[in-house]
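Q: For the sequence shown, my numbering gives the first residue as -14, with consecutive numbering after it.
Built from N, CA and C at the ideal position, the CB exists for glycine as well.
Keep in mind it's a predicted model, so treat the numbers as computed, not measured.
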Amino acid sequence: MKTVSEEDMACINMEHPIPWDDLGDLIECAHDVFGESCVTSSLFPMDSSPVVTSPEVDNSSAISSSNIISSSDSITKEDKPPSPLLPPCRVCGEKASGLHYGINTCEACKGFFRRSLQRKEDYQCVGDGNCRIQPGKRNSCAHCRYKKCVSVGMSKKAIKTGRYTHAKRTRDIEEVRKLEGKDDNPADVHPLYMQARDQKEHEITQLIEYLTKAYTELEPTGPDAYKKIAMQQEEFMEHYKLKQEMFGQLEPITKEEYRMFYELTGIDIDDRKSMVQNWTKTLEDGVKKLIRFAKAIPGFMELSLNDQAALIKAARFEARTIMLHRRFDAENCHFTTVNGRIVHRIQLEMLYNDPKWVEALFATGSQMKKLRLTFPETLLVAVIAIVSPDRCELENPAQVEKIQLKMIEALQYSFKVHHPNDKILLAKVIVRLMDLRVLSEWNRKVIESIQLDWPDIEFPPLLLEIIG
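#1: I523 and V261: beta carbons closer than 8 Å?
#2: Indicate whether the contact test is met: 3 or more Cβ pairs, each with one atom in the region 339 to 351 and one in the region 301 to 317, closer than 8 Å.
#3: Going by alpha carbons, who is nearest to N381 out of S399, M286, E92, D256?
#4: From the DSSP output, in three-state form, read off R148 for me.
#5: Nearest-angstrom Cα distance between L447 and R429?
#6: How long is the line joining the alpha carbons of F253 and I371, rounded to whole angstroms?
#7: Is the beta carbon of T322 sitting closer than 8 Å to the one on L421?
#8: Thinking C-alpha only, which one of D113, L356, S259 is nearest D441?
#9: So, using beta-carbon positions, are I118 and C110 closer together than 8 Å?
#10: Comparing C-alpha positions only, which one of Y247, K105, L196, D270 sits nearest to P361?
#11: Provide the residue(s) that pair with G83 in DSSP beta bridges, ordered along the chain.
#12: Over what stretch of residues does the beta strand (DSSP E) that includes I451 continue unbroken?
#13: Using only the alpha-carbon positions, how far apart do L396 and A279 sit?
#14: Output yes or no for whether 8 Å exceeds the beta carbon distance between V343 and Y337.
#15: Rounded to whole angstroms, how far is the Cβ of V519 from the Cβ of K133, which I believe are closer than 8 Å?
#16: Considering just the uninterrupted stretch of the alpha helix (DSSP H) at T349, what are its terminal residues?
#17: When you compare only the Cα positions, how much space is there between A367 and P283?
#18: Who are the Cβ neighbours of S399 in its own chain at under 6 Å, not counting the five residues just before and after it?
#19: Since H329 sits in a beta bridge, which residues does DSSP pair it with?
#20: Work out the CA separation of R417 and K401 for me, nearest whole Å.
#21: Please report how far the alpha carbon of F320 lies from the alpha carbon of H404, in whole angstroms.
#22: Relative to the alpha-carbon of T201, which residue among A281, N263, F246, Y225 has its alpha-carbon at the smallest distance?
#23: Rounded to a whole number of angstroms, what is the C-alpha to C-alpha distance between E394 and N324?
#24: Out of E433, I193, G121, C94, which has the shortest C-alpha to C-alpha gap to L364?
#25: With DSSP as the reference, label D107 as helix, strand or coil.
#26: With 16 as the cutoff for other CB atoms within 10 Å, does N44 come out buried or exposed?
#27: Could you give the DSSP three-state label for D438: helix, strand or coil?
#28: Exposed or buried, what is D107 when buried is set at 16 or more other beta-carbons lying within 10 Å of its beta-carbon?
#29: Pull up the DSSP beta-bridge partners for F313, would you.
#30: If you compare alpha carbons, which of F347, M419, P72 is closest to I369?
#31: Measure how close the beta-carbons of P237 and I331 come, nearest whole angstrom, since I'm counting them as under 8 Å.
#32: Measure the C-alpha to C-alpha separation of N89 and N263 and round it to an integer number of angstroms.
#33: By Cβ distance below 7 Å, which residues in the same chain neighbour A81 in space, the five residues on each side in sequence not counted?
#34: Apply the 10 Å Cβ neighbour rule to S289 and answer buried if 16 or more other Cβ atoms are within range, or exposed otherwise.
#35: Thinking L356 and V414 are a contact (beta carbons under 8 Å), I'd like their distance in whole angstroms, please.
In structure tokens, the structure reads:
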């Protein structure tokens, strides 16, 4: 059995009593290992005096402070799961154990703050009211320690239970990465700087979560939705290959051949006219969703109505292509619409009557996929395309640029967290945006051609307004 050192005995001597904060820290640590009732009864009898074990006596009910810590270590080494990646304790700079009272802290500072909330009397500072709270010296002044707890944001109202949210975990990972490899002591970082940085990152994560929620209310997204799309595409390809085995590779008839047959018989031989009619409805639905999503962009509704309309008109094609790029399957040559309908590339060539444009569209979708953006990042790129002040004539381009800069900042932050090894990812995104602009101008000409080819099909007024 481990004996009590002279230093431990000196701490227990009545002339040098153990500070109550230290005892509280030991209780907190032991509670986590043995349970509250067991620790309280075995460590501290009713007279609240610490029990000391003599070197010659093996008393299993009496445990020294050093044994509490070593016992905790031995038990938790095997049973405790790997600790999450956390920044240092915001109060003392020691290793944090989790989110307590709204802030990342260690177990000791969590317990100290809880006991402080239960006190009826205020702490008194032992110095000038500005004692430094740092690793190894967090118990030097309870007054200043409590003041720092409050200053970093600890609050009884901010108690959280359960697992970390994705946003909080993301912020913690990003901060730890910044601290890794640096010689600076975390305690030397000014609290106000830490607070300002945390606040900025909190605002960015809130923006990302807000945009994601706004879009998912319009269209189904997420792992479940894309899993369903993958299953539908697989089923579609099975039927398509079976059809090829039975009938061979049937090439579609030309536009001239279709027109001649339709004028003679009135029969929509390959459902081409029906396809165009469905396409106009799908396009109008997409425009409505784009308008609703654009209105959710922070600051967009503060723009003039003319600027709002101009931005949506200019970015309609790019924004929707970015949002839906995961639905393109360039390898198997098909695309899944938001309504769940799968269209083969040959059908799109019949619709647009421009195989080269369709080829470029699939290539763009494939290149966007290679960026491996998270869904929130995809939305941020789409928003950046929408609020581009250089696309059209605007009454207040500076205000639009201000919105765009916020989105670029949020995208850069997300890249640092989720793609730390790809230093040129933002440059790759900009290249894709430039490609989409070229494709957008091409798309306008293709749509004009469709309108001329189908004069008897009535285009919805909203769609005419947007593409006009």
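A: From the atom records:
#1: Outside the modelled stretch of the chain, which goes from -14 to 453, sits residue 523, for which no answer is possible.
#2: Per the Cβ contact rule, the region 339 to 351 is in contact with the region 301 to 317 (3 or more Cβ pairs under 8 Å).
#3: It is M286.
#4: Annotation note: pLDDT 46 at R148 (below 50); position unreliable, coordinate value reported separately. Look at R148 here: in three-state DSSP terms it is coil, with no helix or strand label.
#5: Roughly 16 Å between the two C-alpha positions.
#6: Reading off the sequence, residue 253 comes out as Asp, not Phe. One C-alpha to the other measures close to 38 Å.
#7: No, these two residues do not count as a Cβ contact at 8 Å.
#8: S259 is the residue among D113, L356, S259 whose C-alpha sits nearest the C-alpha of D441.
#9: Remark: C-beta atoms of I118 and C110 do not approach each other more closely than 8 Å.
#10: Of the listed residues, the one whose Cα sits closest to P361 is L196.
#11: Residue pairing by DSSP places G83 opposite T90 in a beta bridge.
#12: Per DSSP, I451 belongs to no beta strand (DSSP E); it is in the alpha helix (DSSP H), 446 to 452.
#13: Taking the straight line joining both Cα atoms gives about 17 Å.
#14: Cβ distance < 8 Å, so V343 and Y337 count as in contact.
#15: Because residue 519 is not part of the residues shown, which for the chain are -14 to 453, the question remains open.
#16: T349: member of the alpha helix (DSSP H) spanning 340 to 355, first to last residue.
#17: Cα-Cα distance, rounded: 14 Å.
#18: Here the set comprises E362.
#19: BP columns for H329 point to H319.
#20: The alpha-carbon atoms of K401 and R417 are separated by roughly 19 Å.
#21: As the crow flies, the alpha-carbon of F320 is around 27 Å from that of H404.
#22: That would be A281, whose Cα lies nearest to the Cα of T201.
#23: Rounded to the nearest angstrom, the two C-alpha atoms are 33 Å apart.
#24: Nearest in C-alpha terms to L364, of all of E433, I193, G121, C94, is I193.
#25: Looking at D107 - three-state DSSP - the assignment turns out to be coil, as it is neither helix nor strand.
#26: Low confidence applies here, because N44 scores a pLDDT of 39, under 50, leaving its location unreliable; read the following figure in that light. Classification of N44: exposed, given that the 10 Å Cβ count is below 16.
#27: If DSSP states are grouped into helix, strand and coil, D438 belongs with the helices.
#28: So D107 ends up on the exposed side.
#29: Under the DSSP definition of a beta bridge, F313 partners with F320.
#30: Measuring from the Cα of I369, the nearest candidate turns out to be M419.
#31: About 6 Å separates the CB atoms of P237 and I331; that is less than 8 Å, so the two are in contact.
#32: Rounded to whole angstroms, N89 to N263 spans 54 Å at the Cα level.
#33: Cβ contact annotation for A81 (same chain, cutoff 7 Å, sequence separation greater than five): L71, P72, P73, C74, N89, T90, C91, in chain order.
#34: So S289 counts as exposed.
#35: Sure, about 7 Å apart at Cβ, within 8 Å.
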